[in-house]
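> Residue numbers (our numbering), protein chains in the order written: chain A, 7 to 326; chain B, 7 to 326; chain C, 7 to 326; chain D, 7 to 326; chain E, 7 to 326; chain F, 7 to 326.
By construction, the Cβ of each residue, glycine as well, lies at the ideal position given by its N, Cα and C atoms.
In this text, all values refer to a predicted model and were calculated from it rather than measured experimentally.
Have a look at this one.
Protein chains: 6
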Amino acid sequence: MEHTGGGDQPLGPVDPLAVPRFAGPATFARLPRLDQVDRCDVAVVGVPFDAGTTYRPGARFGPAAIRAGSRLLRGYHAGLDVRPFADQQVADAGDIPCTPFDIDEAIVQIEAGARSLMADAAIPIVLGGDHTVALPVLRAVHAQHGRVALVHFDAHLDTWDTYFGAPYTHGTPFRRAFEEGLLAGDRCAHLGIRGPLFTPQDLVDDAGFGFTIVGAFDYLTRSVNSIAGEIRERVGDLPVYVSIDVDVMDPAHAPGTGTPEAGGLSSRELLATLRAFAGLRIVGADVVEVSPAYDHGEITAIAAANAVYELLGLTAVTAG
Amino acid sequence: MEHTGGGDQPLGPVDPLAVPRFAGPATFARLPRLDQVDRCDVAVVGVPFDAGTTYRPGARFGPAAIRAGSRLLRGYHAGLDVRPFADQQVADAGDIPCTPFDIDEAIVQIEAGARSLMADAAIPIVLGGDHTVALPVLRAVHAQHGRVALVHFDAHLDTWDTYFGAPYTHGTPFRRAFEEGLLAGDRCAHLGIRGPLFTPQDLVDDAGFGFTIVGAFDYLTRSVNSIAGEIRERVGDLPVYVSIDVDVMDPAHAPGTGTPEAGGLSSRELLATLRAFAGLRIVGADVVEVSPAYDHGEITAIAAANAVYELLGLTAVTAG
Amino acid sequence: MEHTGGGDQPLGPVDPLAVPRFAGPATFARLPRLDQVDRCDVAVVGVPFDAGTTYRPGARFGPAAIRAGSRLLRGYHAGLDVRPFADQQVADAGDIPCTPFDIDEAIVQIEAGARSLMADAAIPIVLGGDHTVALPVLRAVHAQHGRVALVHFDAHLDTWDTYFGAPYTHGTPFRRAFEEGLLAGDRCAHLGIRGPLFTPQDLVDDAGFGFTIVGAFDYLTRSVNSIAGEIRERVGDLPVYVSIDVDVMDPAHAPGTGTPEAGGLSSRELLATLRAFAGLRIVGADVVEVSPAYDHGEITAIAAANAVYELLGLTAVTAG
Amino acid sequence: MEHTGGGDQPLGPVDPLAVPRFAGPATFARLPRLDQVDRCDVAVVGVPFDAGTTYRPGARFGPAAIRAGSRLLRGYHAGLDVRPFADQQVADAGDIPCTPFDIDEAIVQIEAGARSLMADAAIPIVLGGDHTVALPVLRAVHAQHGRVALVHFDAHLDTWDTYFGAPYTHGTPFRRAFEEGLLAGDRCAHLGIRGPLFTPQDLVDDAGFGFTIVGAFDYLTRSVNSIAGEIRERVGDLPVYVSIDVDVMDPAHAPGTGTPEAGGLSSRELLATLRAFAGLRIVGADVVEVSPAYDHGEITAIAAANAVYELLGLTAVTAG
Amino acid sequence: MEHTGGGDQPLGPVDPLAVPRFAGPATFARLPRLDQVDRCDVAVVGVPFDAGTTYRPGARFGPAAIRAGSRLLRGYHAGLDVRPFADQQVADAGDIPCTPFDIDEAIVQIEAGARSLMADAAIPIVLGGDHTVALPVLRAVHAQHGRVALVHFDAHLDTWDTYFGAPYTHGTPFRRAFEEGLLAGDRCAHLGIRGPLFTPQDLVDDAGFGFTIVGAFDYLTRSVNSIAGEIRERVGDLPVYVSIDVDVMDPAHAPGTGTPEAGGLSSRELLATLRAFAGLRIVGADVVEVSPAYDHGEITAIAAANAVYELLGLTAVTAG
Amino acid sequence: MEHTGGGDQPLGPVDPLAVPRFAGPATFARLPRLDQVDRCDVAVVGVPFDAGTTYRPGARFGPAAIRAGSRLLRGYHAGLDVRPFADQQVADAGDIPCTPFDIDEAIVQIEAGARSLMADAAIPIVLGGDHTVALPVLRAVHAQHGRVALVHFDAHLDTWDTYFGAPYTHGTPFRRAFEEGLLAGDRCAHLGIRGPLFTPQDLVDDAGFGFTIVGAFDYLTRSVNSIAGEIRERVGDLPVYVSIDVDVMDPAHAPGTGTPEAGGLSSRELLATLRAFAGLRIVGADVVEVSPAYDHGEITAIAAANAVYELLGLTAVTAG
């Protein structure tokens with residue numbers, strides 16, 4: 007058995023001293039597949055879908071890229087003093103297949119896949135795919151947990167209404183989620199917002215959906231702890247869904263994405279903010295919009311994999 | 007006036023001795039826009055659509071890439087002894103806008119755009135976009151010319167039936183075209199086919215739609231003239247539509263594409279085959295599947311731009 | 007009419023809900039061309055010239071790259087609460103053609119082009135090209151506004167004397183501008199300076215030309231507001247010319263440039279500093295030294311396009 | 007069950023009409039893992055080892071790259087009229103783990119892994135890894151089949167003696183194989199040789215080990231059939247091991263490799279030569295030296311995956 | 007003589023006003039070779055070795071890349087007010103050759119090369135190569151200076167024990183150095199540490215070897231001066247060896263490396279920290295783990311070259 | 007002494023068994039510098055100049071790139087049965103420095119540099135730089151040998167008159183050479199010509215300068231031997247200057263160049279044609295237009311280095 011752990015302990019990643027990190031299975035962090043474990047606390051699952059993209063496509067290859075970028079992850083999270091792969095059972099659930107040719111149909115497939123997954127695993131962490139995928143995942147999470155507080159990292163609000171008449175795209179999931187009653191009113195937040203908007207009405211609408219905004223430029227004058235503290239207070243003890251569009255990071259840190267905006271967070275700011283959420287009750291999460299054809303040296307994929315690792319650290323804190 | 011020609015003569019590209027090739031308008035070959043000319047014999051038009059792609063997306067950026075790759079084109083085609091920009095009026099008609107979110111709706115938009123264009127310009131040459139766009143363009147061409155002989159350069163047959171239940175994708179345009187009666191029976195041909203198929207039935211179906219096949223490996227044992235002669239004979243004096251998927255070229259020559267297949271044509275083989283069609287009655291054409299995120303050094307875009315130039319040479323031969 | 011606005015209102019960019027952002031004209035932000043508008047408050051114009059480059063060339067392709075990087079810009083600048091494309095008429099004036107083979111001749115051509123442009127448009131914003139182009143543009147600006155305060159973002163002083171005996175290169179424009187009396191004494195500033203110099207005399211000379219320096223490392227200990235406040239005070243109510251060499255940013259944020267220096271600004275620091283200049287009387291500006299052959303994922307081009315957007319925000323503030 | 011086939015039939019790749027090709031397992035051609043099948047005729051197995059590399063390293067990432075490049079492979083090989091995934095049971099056996107820090111130890115590990123694999127699967131097809139890996143695989147093959155005829159595609163002879171005193175490197179496997187008696191005398195061949203040698207003695211030694219040489223430049227004057235015919239005659243009915251260093255292809259077709267040499271084969275020439283070996287009794291094979299850090303657009307990986315597909319076609323011919 | 011300086015003065019780089027920076031010798035900063043100078047205060051020397059790499063290899067090409075990235079360096083360091091190439095004699099000592107095939111043997115070769123070099127030059131600054139090379143260099147430094155304080159910039163501790171049984175790899179040099187008595191107890195420090203560890207024991211072991219840790223995330227809340235002050239106090243007046251793994255920087259700033267970790271330092275933070283060490287008694291240094299195949303636009307190489315320049319500034323301060 | 011040879015024998019490259027190929031000096035093929043040898047039969051010299059470029063610049067970095075691409079060259083040329091580094095003394099003469107800011111002045115500098123070099127070395131082989139550099143080198147060759155037969159590999163004629171009024175650019179060297187009487191009438195040839203021309207007059211002019219043309223498409227129907235035979239006959243026993251613009255190769259084989267044209271030669275066709283010139287009396291040569299910013303995986307640089315190797319093989323044949 008080349009996996010670490012097992013027996014009474016959670017089954018962990020392939021042993022890096024037996025199998026070099028550049029070898030072995032292509033699962034996230036070389037974790038066991040879902041079919042290899044008896045129970046699963048957190049499942050990492052890919053949703054390779056990008057038909058909702060307005061600009062540079064390619065996030066369909068995001069799950070594979072994030073998994074490749076996760077090969078260097080090790081077992082002990084010193085910042086949180088947890089062992090994300092040993093304090094809880096994490097597994098890779100593969101990809102949820104869905105059609106690239108029909109957005110409405112794909113959303114149904116993704117929701118079904120997420121619901122099915124959540125029957126086996128308490129907490130889903132989704133590897134996108136474009137941001138469209140957050141909506142069906144939120145539906146599945148809502149079915150189990152009711153209204154959630156949404157903590158949303160992104161350059162963009164993603165609460166627009168329609169593009170070319172299409173209600174379901176990567177720019178609209180959270181307006182739809184609000185309309186469908188999936189979100190807890192006034193308990194949601196965007197972090198990292200920047201760049202031009204369409205009109206001032208964008209902000210009015212967004213506030214009406216229950217969001218507060220921490221802009222990317224706020225990180226120039228506020229500490230990570232101050233920002234995270236504000237969000238923690240807002241969220242309280244509600245179940246939380248964390249949605250991370252990698253374009254929340256500056257294009258220098260995340261070139262491999264579809265709608266890059268200058269002036270974003272560093273990867274360190276993103277990871278530190280996530281880490282400062284220790285104690286929040288995470289019930290689901292996604293890391294989306296990795297488009298590897300625009301990446302280089304895997305820097306976007308590695309940052310995304312580390313964001314997933316922080317999320318696993320947060321669930322380990324609660325599990326511990 | 008920085009454009010060459012004009013007056014009695016066709017309005018040509020921007021003068022390269024007045025404006026360096028790396029400067030000036032971003033039209034194809036720095037030709038005039040359609041709104042700058044009084045009449046138009048051949049219109050180059052972009053169709054930035056890639057929602058029909060089964061693998062690597064990004065052909066939505068193809069038209070811009072091909073135009074950038076066309077900046078080095080000059081006015082005299084020595085091989086055909088024609089002046090493609092002076093023997094006929096060529097103009098750049100911009101892009102036909104269409105939704106990226108609904109294939110069916112986009113096809114309607116593209117067909118409408120092509121019909122509208124053909125009211126102004128005798129011959130459309132389309133810059134894709136993925137191969138889905140060939141179907142609506144063929145519909146518009148058929149509306150004016152009736153059934154056409156299709157000369158199709160591609161690694162793939164593109165006569166499959168459906169993917170994920172979708173009838174209109176980049177793998178199916180020519181089965182649909184056959185079913186809709188747009189093609190002249192037994193006068194069509196594929197060139198450059200190679201790579202694995204789904205089943206032997208693929209070939210049976212394809213032959214039933216009126217195609218003959220010249221495989222990429224046939225170029226190892228046959229001369230370009232022999233191959234072109236066979237096609238010329240098959241096509242005869244019918245109106246011809248030439249459809250060029252850049253993946254007909256080997257990935258070495260055309261890495262910037264969505265479904266690359268090893269073992270393809272060199273750019274020289276493609277251009278020489280096109281050139282050997284001098285005299286055919288071209289009524290429309292497309293060059294599709296340029297996905298610049300996978301290109302490097304613009305080599306795919308330059309090859310595609312030169313394929314367009316050969317097509318313009320062919321129409322100039324007939325016009326002359 | 008696919009452009010937004012028009013009628014009594016300024017003619018704006020192509021409507022993104024009618025034409026996807028990856029389609030349509032290749033003008034800056036898909037704005038109208040200068041020949042499409044009746045009046046013009048601010049003109050964006052390319053100067054594709056790089057014969058003054060001492061190291062990595064390629065900025066001749068800068069204007070096209072910045073335009074491509076501007077396709078995602080939207081109409082509302084929330085940070086400044088202005089609508090840069092609707093509060094004023096902005097247009098794309100194309101490229102000023104000039105010879106790549108003779109620096110002296112090119113400078114004459116650029117100055118003539120800039121003067122001609124300023125007859126039609128109040129404020130020019132130049133897309134370089136290498137930094138050599140700042141001198142002829144400053145001449146044209148001076149002809150209309152007299153001596154200007156120069157706010158110069160750069161890793162380098164650009165006040166050197168000659169290279170290989172050549173007085174006009176991308177390392178010398180501001181010494182020449184001083185000598186020609188184009189600059190307001192003691193009202194100029196460099197921001198972002200860093201890296202090795204030739205000799206201590208470089209700093210002595212530079213101070214003698216009326217510059218103060220805010221180094222890139224000063225951003226480690228000073229806030230953006232403190233820095234911008236110092237500059238605002240120095241500049242006062244003079245007409246201001248803002249010159250932005252993208253190498254002011256760290257190579258991580260702007261790899262696509264000719265003389266990259268480690269230790270630079272983040273794109274967020276650059277954009278925030280620009281934004282903090284609201285109220286200054288901008289009479290001209292340039293964004294130079296984008297060399298796309300060294301870029302990846304368009305990150306340099308996108309940062310440059312956003313810098314232009316901040317400049318347009320500043321002129322909109324004053325126009326409003 | 008998302009895999010095709012099964013029941014009485016071999017278990018095949020994941021169904022592309024149920025799971026898009028960019029999704030699903032990362033096995034070669036999305037085939038079942040070895041642990042998912044009851045019997046196995048041909049096993050594809052990775053050997054991610056590159057410590058024997060003399061120039062550009064990185065082939066340790068080769069197996070993952072070739073698997074990614076194999077996602078487009080379909081089930082019917084029209085050129086050979088076989089179904090490589092249905093006429094025989096093919097499975098992906100994962101990677102043979104070995105130390106990157108000690109060549110001698112790694113060779114022992116690889117040989118043990120190959121022997122173990124051959125207990126389960128009749129024919130191994132190895133994804134390298136650098137060419138060092140051919141030696142331990144040949145040992146395992148020899149243990150089962152005795153002396154084999156080696157058909158070796160490469161730019162280089164790989165029959166050198168030592169580098170820096172090391173007897174086992176990617177430049178020496180076939181001298182070692184000869185010395186160990188693994189090869190059938192005078193029944194071996196190199197194809198694609200070119201580029202400078204160390205001394206004339208290289209050729210003398212090589213001939214002494216039983217090799218004939220078809221140079222890359224011979225393809226300019228000889229047909230593929232002539233070349234393949236010569237090899238077939240030489241090999242006769244011996245068990246054959248095919249070893250393909252991707253640098254046999256020109257750097258244009260295979261940039262992603264460690265010791266590229268100008269003047270090589272096109273991917274079409276390589277694939278056509280392989281195909282012309284139909285009927286040979288293949289008992290093992292490798293495709294090595296894919297170094298993805300130097301690849302672009304996956305062209306090397308795709309060519310390598312297609313070479314594997316041709317090998318699978320050859321074994322299917324014999325199996326059929 | 008195209009070099010600057012000479013005569014009584016140190017022989018400096020090639021004159022940039024006589025030979026453009028993109029031309030001339032490929033030595034570091036175009037400095038003289040060691041054989042061109044009579045005495046040498048500081049020698050820059052390459053150690054192109056990467057056989058100790060656990061993940062992405064390629065640092066064997068690091069020395070050439072750093073030298074290429076150093077071509078823009080000029081002679082006056084304004085921040086420290088020193089002239090690194092004129093206040094002391096610096097020369098490029100070429101590369102220390104060593105076998106890529108045997109780690110133990112290579113370490114012996116590197117130590118011998120470093121000892122030999124230190125007979126000619128007071129201070130060696132090593133261009134790696136992977137971090138394995140620090141151990142033999144430390145041995146040579148220890149032979150001359152006794153126990154040194156180690157100031158170590160890195161994402162990783164590099165005090166692990168063994169990988170695959172190998173005691174000498176790029177993850178273990180400083181545990182070996184401690185065991186061999188090369189380091190001054192409790193006077194060593196790591197800066198920039200981040201990312202997952204194997205187990206909590208890693209930290210316990212590390213502290214036992216005499217290290218303190220300044221994490222990368224500490225830079226979010228502490229100033230560079232505070233951090234550097236702590237290190238200066240810890241180091242005191244001991245001879246100091248500075249070891250810089252470029253992965254101490256964020257992948258955005260240093261993509262060209264073997265084991266990138268998200269959340270790292272900016273190049274500005276690294277350079278400013280180094281600069282704040284003015285006055286420390288540097289007796290040797292290395293800049294390692296530049297793997298150019300993963301770099302783009304030379305940004306990693308340029309940052310590494312500037313780190314070397316800061317080190318030369320520090321030795322010039324002491325020399326002055 | 008780490009160089010091979012020496013004593014009575016020519017001093018050769020650094021011994022690859024003592025110093026790995028990725029280490030050691032950055033000279034061409036790691037040959038000795040000119041100042042290291044007593045006599046020199048053939049000197050390889052860089053001319054890093056690209057101010058004469060009409061499109062993509064960057065050939066100023068060509069010499070360094072070609073040298074890097076030459077590291078894999080070994081000592082025995084089996085095709086010609088010569089030892090290019092041992093049958094004659096070859097050395098690397100470094101770069102001829104010249105201003106990037108004034109074409110006329112640079113040409114004077116290059117001619118002076120070439121004349122000076124030819125005082126020390128019988129035969130110069132120039133690494134460009136753009137094609138402008140051929141003219142001053144031809145002047146120096148003519149001064150020693152009188153009129154030469156020019157064998158010119160290129161996509162373009164390079165016999166145009168002026169661009170933007172400039173008589174000396176990379177598109178005009180051979181018209182100037184004809185006008186200056188440097189070429190032997192009717193003994194010159196272009197090989198590889200293709201792509202659009204300006205006007206039919208281009209061909210008339212060119213023929214008037216004494217050139218015959220073998221087009222790139224002629225390689226589809228003629229053998230290399232037939233082509234080379236025609237050239238050999240034309241050239242006769244005249245002194246020959248071989249000028250190789252790497253854009254003679256297809257962009258697939260040589261993407262790293264300034265004015266790429268689809269439909270070119272493979273690297274194999276180029277090398278085989280050169281090899282077929284064995285016996286010609288080469289008195290000088292250049293390999294120009296390598297622009298590494300557009301290259302990938304060094305494929306252009308490697309092809310260029312191999313072209314230089316073939317040229318060295320030709321001079322060795324004559325020397326032998």
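Rounded to a whole number of angstroms, what is the C-alpha to C-alpha distance between alanine 307(F) and threonine 263(D)?
The sequence position of residue 307(F) within the sixth sequence is 301, counting from 1. The sequence position of residue 263(D) within the fourth sequence is 257, counting from 1. Their backbone Cα atoms lie some 15 Å apart in a straight line.
> Just to make sure I have the definition right: I need the residues of chain C whose C-beta is within less than 7 Å of the C-beta of leucine 277(E). Which are they?
Counting from one through the fifth sequence, the residue named residue 277(E) turns up at place 271. In chain order: Ala268 and Gly269.
> Could you spell out the range, first to last residue, of the alpha helix (DSSP H) harbouring histidine 148(B)?
As a first step, residue 148(B) is located in the second sequence; it is residue number 142 there, counting from the start. Where histidine 148(B) is concerned, the enclosing alpha helix (DSSP H) stretches over 140 to 151.
> Just reading off the beta strand (DSSP E) that tyrosine 247(B) is part of, what are its end residues?
Locating residue 247(B) in the second sequence gives position 241, where the first residue counts as 1. Counting along the chain, the beta strand (DSSP E) containing tyrosine 247(B) begins and ends at 245 to 251.
> Helix, strand or coil: how does DSSP classify proline 19(A) here?
As a working note, residue 19(A) is residue 13 in the first sequence. The answer is strand: DSSP assigns proline 19(A) an E or B state.
> Name the chain A residues whose beta carbon is nearer than 8 Å to that of glycine 30(D)?
Residue mapping note: residue 30(D) aligns to position 24 of the fourth sequence, counting from 1. Near glycine 30(D) (Cβ distances below 8 Å), the residues of chain A are Gly100, Asp101 and Pro103.
> Relative to the C-alpha of histidine 151(C), which candidate in Arg287(C), Val230(C) and Glu304(C) has its C-alpha closest?
For the purposes of this step, residue 151(C) is taken as residue 145 along the third sequence, with counting starting at 1. Measuring from the Cα of histidine 151(C), the nearest candidate turns out to be Arg287(C).
> Relative to the alpha-carbon of glycine 75(F), which residue among Arg182(F), Leu133(F) and Ala146(F) has its alpha-carbon at the smallest distance?
For this step, residue 75(F) is matched to residue 69 along the sixth sequence. Glycine 75(F) has its Cα closest to that of Leu133(F), out of Arg182(F), Leu133(F) and Ala146(F).
> Nearest CA to the CA of arginine 215(E): which residue from Phe67(E), Asp253(E) and Thr165(E)?
Within the fifth sequence, numbered from 1, the residue matching residue 215(E) stands at position 209. Just to set this straight, residue 215(E) is phenylalanine in the shown sequence, not arginine. Checking every option, the nearest Cα to that of phenylalanine 215(E) belongs to Thr165(E).
> Counting Cβ pairs closer than 8 Å, one from the region 76 to 83 of chain C and one from the region 205 to 225 of chain A, do we hit at least three?
yes
> Would a C-beta distance cut-off of 9 Å place arginine 274(B) and alanine 222(F) closer than the cut-off?
Here residue 274(B) corresponds to residue number 268 of the second sequence, with the count starting at 1. Here residue 222(F) corresponds to residue number 216 of the sixth sequence, with the count starting at 1. It is a contact, given that the beta carbons lie within the stated cut-off.
> If you drop the 5 nearest sequence neighbours on each side, which residues of the same chain put their C-beta closer than 7 Å to that of glycine 191(F)?
Looking up residue 191(F) in the sixth sequence gives position 185. Gly216, listed in sequence order.
> Name, please, each residue of chain B whose Cβ falls closer than 8 Å to the Cβ of tyrosine 82(D).
Translated into positions along the fourth sequence, residue 82(D) becomes position 76. Simply Pro202, Leu203, Phe204, Thr205, Pro206 and Asp208.
> Three-state secondary structure (DSSP) at glycine 214(D)?
What you label residue 214(D) is simply residue 208 of the fourth sequence in a count that begins at 1. In this structure, glycine 214(D) counts as helix in the three-state DSSP scheme.
> First and last residue of the alpha helix (DSSP H) that includes valine 154(E)?
By one-based count along the fifth sequence, residue 154(E) stands at place 148. Counting along the chain, valine 154(E) falls outside any alpha helix (DSSP H), and DSSP gives it neither H nor E.
> Ignoring anything shorter than 3 residues or poking outside the region 215 to 244 of chain C, list the beta strand (DSSP E) runs there in chain order.
With a minimum length of 3 residues, the unbroken runs of beta strand (DSSP E) contained wholly in the region 215 to 244 of chain C fall at 217 to 221.
> Counting along the chain, where does the alpha helix (DSSP H) carrying arginine 287(C) start and finish?
Counted from its first residue, the third sequence places residue 287(C) at position 281. Element bounds for arginine 287(C): not the alpha helix (DSSP H) but the beta strand (DSSP E), 287 to 294.
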